[in-house]
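2 protein chains.
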Amino acid sequence: MTVSADSKQRLLDAAETLFAERGFHATSTRQITAAAGVNLAAVNYHFGTKDGLIAAVFERFLRPVNAERLLALDALEAPDLEPDLEAIITAFVAPPFRARGARDQHVERAMRLYGRIHSAPEAHAHAIFVQQFDTVRKRFESAFARALPNLPRRELHWRMHFLIGAMAQTLADPERLCALSGGACDPYDVEATLERLVPFLTAGMRAASLPTQRAGGARKRSGNGTTRRASSRKTRSRSSRSRFTRTRRARRSS
Amino acid sequence: MTVSADSKQRLLDAAETLFAERGFHATSTRQITAAAGVNLAAVNYHFGTKDGLIAAVFERFLRPVNAERLLALDALEAPDLEPDLEAIITAFVAPPFRARGARDQHVERAMRLYGRIHSAPEAHAHAIFVQQFDTVRKRFESAFARALPNLPRRELHWRMHFLIGAMAQTLADPERLCALSGGACDPYDVEATLERLVPFLTAGMRAASLPTQRAGGARKRSGNGTTRRASSRKTRSRSSRSRFTRTRRARRSS
DNA sequence: GTACGTTTAAAACACTCGTTTGAATCGAGG
DNA sequence: CCTCGATTCAAACGAGTGTTTTAAACGTAC
Numbered sequence: 077m078t079v080s081a082d083s084k085q086r087l088l089d090a091a092e093t094l095f096a097e098r099g100f101h102a103t104s105t106r107q108i109t110a111a112a113g114v115n116l117a118a119v120n121y122h123f124g125t126k127d128g129l130i131a132a133v134f135e136r137f138l139r140p141v142n143a144e145r146l147l148a149l150d151a152l153e154a155p156d157l158e159p160d161l162e163a164i165i166t167a168f169v170a171p172p173f174r175a176r177g178a179r180d181q182h183v184e185r186a187m188r189l190y191g192r193i194h195s196a197p198e199a200h201a202h203a204i205f206v207q208q209f210d211t212v213r214k215r216f217e218s219a220f221a222r223a224l225p226n227l228p229r230r231e232l233h234w235r236m237h238f239l240i241g242a243m244a245q246t247l248a249d250p251e252r253l254c255a256l257s258g259g260a261c262d263p264y265d266v267e268a269t270l271e272r273l274v275p276f277l278t279a280g281m282r283a284a285s286l287p288t289q290r291a292g293g294a295r296k297r298s299g300n301g302t303t304r305r306a307s308s309r310k311t312r313s314r315s316s317r318s319r320f321t322r323t324r325r326a327r328r329s330s
Numbered sequence: 077m078t079v080s081a082d083s084k085q086r087l088l089d090a091a092e093t094l095f096a097e098r099g100f101h102a103t104s105t106r107q108i109t110a111a112a113g114v115n116l117a118a119v120n121y122h123f124g125t126k127d128g129l130i131a132a133v134f135e136r137f138l139r140p141v142n143a144e145r146l147l148a149l150d151a152l153e154a155p156d157l158e159p160d161l162e163a164i165i166t167a168f169v170a171p172p173f174r175a176r177g178a179r180d181q182h183v184e185r186a187m188r189l190y191g192r193i194h195s196a197p198e199a200h201a202h203a204i205f206v207q208q209f210d211t212v213r214k215r216f217e218s219a220f221a222r223a224l225p226n227l228p229r230r231e232l233h234w235r236m237h238f239l240i241g242a243m244a245q246t247l248a249d250p251e252r253l254c255a256l257s258g259g260a261c262d263p264y265d266v267e268a269t270l271e272r273l274v275p276f277l278t279a280g281m282r283a284a285s286l287p288t289q290r291a292g293g294a295r296k297r298s299g300n301g302t303t304r305r306a307s308s309r310k311t312r313s314r315s316s317r318s319r320f321t322r323t324r325r326a327r328r329s330s
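So the sequences go chain by chain: A and B.
Letter 179 of the first sequence, counting from 1, is numbered 255 in my numbering, and no numbers are missing.
Letter 216 of the second sequence, counting from 1, is numbered 292 in my numbering, and no numbers are missing.
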């Protein structure tokens with residue numbers, strides 16, 4: 077274990093930066109080794125394959141984020157405290173925003189990297205992420221369940237999905253917010269972002285548990301996704317509110 | 077303009093399917109032309125370049141989705157109607173879920189394609205999407221502003237960003253929801269998904285405009301986006317509620 | 001039938017990718 | 001000193017990429 081293990085470190089640092097900037101697939105091993113100032117073969121020597129390097133970057137970056145999530149949740153689950161939904165959401169959402177990459181990279185790069193991990197194309201990178209994430213997921217799921225005792229478990233899954241989506245999008249594509257607001261919002265102001273994101277998500281998680289009506293009838297979902305409103309006779313209480321009626325399709329035939 | 081323009085069509089169809097399945101970068105022109113049953117050179121002949129093909133797929137797929145969004149919004153903005161936030165959100169969110177790809181592809185593929193467009197790596201594909209999306213964005217922004225008259229415009233931008241994020245994630249990565257819920261949720265049941273997504277988003281959009289406390293003091297947001305809480309002397313009311321205090325970092329040094 | 005513009009066909013081009021190879025280099029232990 | 005394992009280096013390999021080229025086939029108008 078000579079001192080030159082920093083070759084490995086520099087490789088990880090360079091890869092982390094480039095992955096954040098351009099994505100995993102679009103970054104070549106040659107770019108990485110050049111940025112790290114090491115030989116081309118180093119990535120295969122130290123990590124076996126490029127995917128091994130990706131996994132190592134995942135690992136190194138994700139570990140402290142998830143650790144901080146669990147630490148924050150621990151503090152919220154002291155036995156004398158009653159569950160605080162907003163605090164739980166903050167404990168889950170804030171760490172990736174506040175994470176610094178290697179070599180104290182800018183917030184911007186850490187955010188983008190985390191976003192890219194979330195929207196990982198499809199490779200086994202996804203599997204690595206899931207593995208890293210699974211404990212966090214379980215802990216927060218039960219925390220949410222405690223804070224929202226009247227919410228059925230299935231609804232909770234859906235909402236956690238939405239929550240993760242809003243978070244991931246904000247992390248992955250800050251530029252879009254900038255463009256959307258004409259420059260009025262600064263997506264790299266982490267605290268300002270969290271002050272908006274957390275209340276948004278808290279309200280969403282607290283929304284009424286079932287889609288308004290659902291008066292007496294059973295579920296009665298038509299299994300066929302294509303034919304909408306197949307059960308024509310029981311449309312009374314549903315057609316009263318026309319929330320989900322779709323307008324005509326407009327498609328050109330050329 | 078012979079009948080064999082269907083070569084172009086079959087190219088678009090095959091590309092749409094493969095792009096949805098594997099992504100844009102991971103799909104080669106050879107795979108596309110093989111699936112379409114046409115010659116390799118056809119893509120360059122008809123679309124100039126692979127990016128041209130991608131743009132054409134974007135165009136053909138996005139147009140009806142955005143058209144339907146605007147149509148639905150038109151119906152909601154009849155002069156005698158008062159703004160209905162939930163209906164506006166549905167008008168924005170539902171069309172991509174209900175879109176069918178070419179050749180009546182499964183909902184699954186259309187969803188994935190739209191999700192992939194949203195999380196387009198970074199190419200000018202993004203620009204194409206933005207161009208297609210800009211009109212929709214403007215229309216819905218003012219619709220939201222009418223439905224939420226007390227919400228400052230900047231907060232609205234943030235929330236639209238979150239909204240788009242939750243929608244895009246649900247479209248792009250239905251598998252994750254499946255895994256998250258242990259198979260309890262069916263992300264391809266479009267109506268069930270919308271019945272959960274829309275209330276979630278509606279509640280989020282309606283959340284209190286400013287982050288809870290803000291009791292007696294004036295707004296007092298530090299104008300500088302980078303240096304958070306630059307005005308150090310006035311930190312009193314902030315440290316009282318420790319909502320956003322971060323716990324210690326945990327990072328291994330190996 | 002012949003000529004013409006459009007479309008298809010097969011082959012090759014130039015390039016980048018991730019990975020492997022085999023020799024050179026280094027740093028400690030005998 | 002020499003040895004040995006670990007690391008670095010330059011060079012090449014084989015496969016895959018998007019694109020171009022050149023010629024052949026097609027349908028239509030003259």
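Glycine included, each C-beta is placed from N, C-alpha and C at the ideal position.
Interfacial residues, the stretch 222–244 of chain B to chain A, with Cβ spacing under 7 Å:
R230, E231, H233, W234, R235, M236, H237, F238, I240, G241, A242 and A244
As assigned by DSSP and simplified to three states, the class of E217 (chain B): helix
* Please list the residues of the stretch 101–131 of chain A that have a C-beta atom closer than 9 Å to any C-beta atom in chain B, keeping them in chain order. => H101 and A102
request  = For G259 (chain A), go through chain B and note every residue whose CB falls closer than 9 Å to its CB, in chain order.
outcome  = Under the 9 Å cutoff, chain B gives no residues; its nearest Cβ is about 10 Å from G259 (chain A).
*asked:* For A186 (chain B), tell me which candidate among B:A284, B:R282 and B:A91 has the shortest Cα-Cα distance.
replied: B:A91
(request) Show which residues of chain B have a CB atom less than 8 Å away from the CB atom of A255 (chain A). (result) V206
List, in order along the chain, the chain B residues whose C-beta lies closer than 7 Å to that of L277 (chain A)?
G280
Check your understanding: Where G216 (chain B) and D127 (chain B) are concerned, what is the direct C-alpha to C-alpha distance, given to the nearest angstrom?
Key -> As written in the sequence, residue 216 (chain B) is Phe, which differs from the Gly given in the question. F216 (chain B) and D127 (chain B): Cα-Cα distance of roughly 29 Å.
* Minimum Cβ-Cβ distance from A283 (chain A) to chain B less than 9 Å -> yes
May I have the straight-line CA-CA distance separating L227 (chain B) from F134 (chain A), to the nearest angstrom? 39 Å
Can you give the Cα-Cα distance for I165 (chain B) and L277 (chain B), rounded to whole angstroms? 8 Å
Cβ shell of E172 (chain B) (< 8 Å), same chain only, five flanking positions each side left out:
According to the sequence as given, residue 172 (chain B) is Pro; it is not Glu. Closer than 8 Å at the Cβ level, and outside the excluded window around P172 (chain B), lie V141, A186, M187, Y190, M243 and L247.
- Query: Any beta-carbon of chain B closer than 9 Å to the one on V252 (chain A)?
  - Reply: Looking at the sequence shown, residue 252 (chain A) is not Val but Arg. Cβ-Cβ to chain B under 9 Å: yes for R252 (chain A).
Three-state secondary structure assigned by DSSP to T125 (chain A)
coil
Beta strand (DSSP E) runs contained entirely in the stretch 115–171 of chain A, provided each spans 3 or more residues:
none
**Beta-carbon contacts of R106 (chain B) that lie in its chain and below 7 Å, excluding the five residues immediately before and after** = L116
Checklist entry - Anyone know if the C-beta pair for A151 (chain A) and A175 (chain A) falls short of 9 Å? => result no
TODO: Alpha carbon to alpha carbon, how far is R230 (chain B) from A260 (chain A)? Give it in angstroms, no decimals.
DONE: 7 Å
Exercise. Taking R229 (chain A) as part of the alpha helix (DSSP H), name the residues at either end of that continuous run.
Key: R229 to A248
inquiry  = Less than 9 Å between the C-beta atoms of F220 (chain B) and L161 (chain B), yes or no?
reply    = yes
### A291 (chain A) at chain B interface by Cβ criterion, 9 Å
Model confidence at A291 (chain A) stands at a pLDDT of 41, short of 50, so the residue's coordinates are unreliable and nothing is read from them.
Run the CB neighbour count on R222 (chain B), radius 10 Å, all protein chains shown included, and call it buried at 16 or more, exposed below. exposed
>> With a threshold of 9 Å between beta carbons, is R272 (chain A) in contact with chain B?
In response: yes
Let me see if you follow: with CB-CB separation under 9 Å, is A248 (chain B) close to chain A or not?
yes
Simplified DSSP state of A326 (chain B), which is helix, strand or coil | Annotation note: pLDDT 31 at A326 (chain B) (below 50); position unreliable, coordinate value reported separately. Of the three classes helix, strand and coil, the one that applies to A326 (chain B) here is coil, per DSSP.
- prompt: Does T93 (chain B) get closer than 9 Å to chain A when you measure Cβ to Cβ?
  reply: no
Return the residue from the list B:R252, B:I240 and B:D262 that minimises the CA-CA distance to D249 (chain A).
B:I240
(message) Within a Cβ cutoff of 6 Å, which residues of the same chain sit near A148 (chain B), ignoring the five residues on either side of it in sequence?
(response) A167
From B:D156, B:I204, B:T211 and B:V169, residue whose alpha carbon lies closest to that of P275 (chain B): B:V169
- Which residues in the same chain as V212 (chain A) place their Cβ atom closer than 7 Å to its Cβ, once the five residues preceding and following it in sequence are excluded? N142, R145 and L146
Distance, L138 (chain B) Cα to L273 (chain B) Cα: 21 Å
Closer than 9 Å to chain B by CB, R215 (chain A): no
Under 9 Å, Cβ to Cβ, is there at least one residue of chain A near T211 (chain B)? no
Could you work out which residue in A:V183, A:Q207, A:G258 and A:E158 is closest to D210 (chain B) when comparing CA atoms only?
-> A:G258
Helix, strand or coil: how does DSSP classify H202 (chain B) here? helix
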